[in-house]
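First the structure, in the form of structure tokens, and then the observations on it.
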Amino acid sequence: MRSVLPRSLRLDERGAGYVRTVAAHGLDARVTDDPRLDATTVDGRIGLVRLARGGGAGGHTLLVRTPELTAVLLTLFEQVWEIAEPLGGGSAQTGGEESADDPSDTERLLLRLLSLGVKDEAAARHLGVSVRTVRRMIADLMSRLNARSRFQAGTLASRRGWL
């Protein structure tokens, strides 16, 4: 799950605590000053869109499952996601120093492709390498992240600011 939230959430301890709890179970959240979209995506197939803003309980949420509507929602979501910053406040760039474990540009591109749901074969074509090389790169990234699954690797890579 990925979610773009208003920056003001950081000031609401109850709401921020809830987001931290959900993040511990796989939510990847970003914040922005003025989100054009208050939405969450689940596996790139389902969208949740908050229709009414405000602190009250009167808001409504739209569940989007239709593939055509989900595709439109995901396009807009990706645009907002790119300009938003990680919920932690951009702590991934600590002093501008790069660690020896930080991914190369090619590895970052591979992570980005995988986060978009691209299959290994398509990623290999895009990167101009073999499928075996892509799988070796993924295994290396998972090892550096100490991840047991691709999903966990994606979550950990995002937390480190690699995506």
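Letter 90 of the sequence shown, counting from 1, is numbered 173 in the working numbering, and no numbers are missing. Backbone N, C-alpha and C fix where the C-beta goes; we use that ideal spot for every residue, glycine too.
query	result
Gly237 burial status per 10 Å Cβ neighbour count (16 or more: buried)	buried
Leu170 and Val132 closer than 8 angstroms at C-beta	no
C-beta atoms of Glu213 and Ala207 nearer than 8 angstroms	According to the sequence as given, residue 213 is Ser; it is not Glu. In this structure, Ala207 lies closer than 8 angstroms to Ser213 by Cβ.
Cβ-Cβ distance between Arg195 and Leu246 below 8 angstroms	yes
Straight-line gap, Arg191 to Leu88 (C-alpha atoms, nearest Å)	24 angstroms
Host alpha helix (DSSP H) of Val212 (start-end)	Counting along the chain, Val212 falls outside any alpha helix (DSSP H), and DSSP gives it neither H nor E.
Continuous alpha helix (DSSP H) stretch holding Leu192: start and end	188-198
Contacting residues, own chain, Cβ-Cβ under 6 angstroms from Gly127 (five flanking each side not counted)	Gly200
Proximity below 8 angstroms, CB of Leu92 to CB of Gly100	no
The beta strand (DSSP E) enclosing Ser86, as first and last residue numbers	85-89
Of the listed residues Arg113, Glu96, Leu94, Asn229, nearest to Arg85 (C-alpha basis)	Arg113
Residues that DSSP places opposite Ile129 in a beta bridge	Val125
Start and end residues, alpha helix (DSSP H) containing Ala99	96-106
Identified DSSP bridge partners for Arg113	Val87, Pro169
Expected contact under 8 angstroms - CB spacing of Leu159 and Thr144 to nearest Å	16 angstroms between Cβ atoms; not a contact.
Cα-Cα separation, Phe234 to Asp111	11 angstroms
Opposing strand residues paired with Val147 [DSSP bridges]	Gly130
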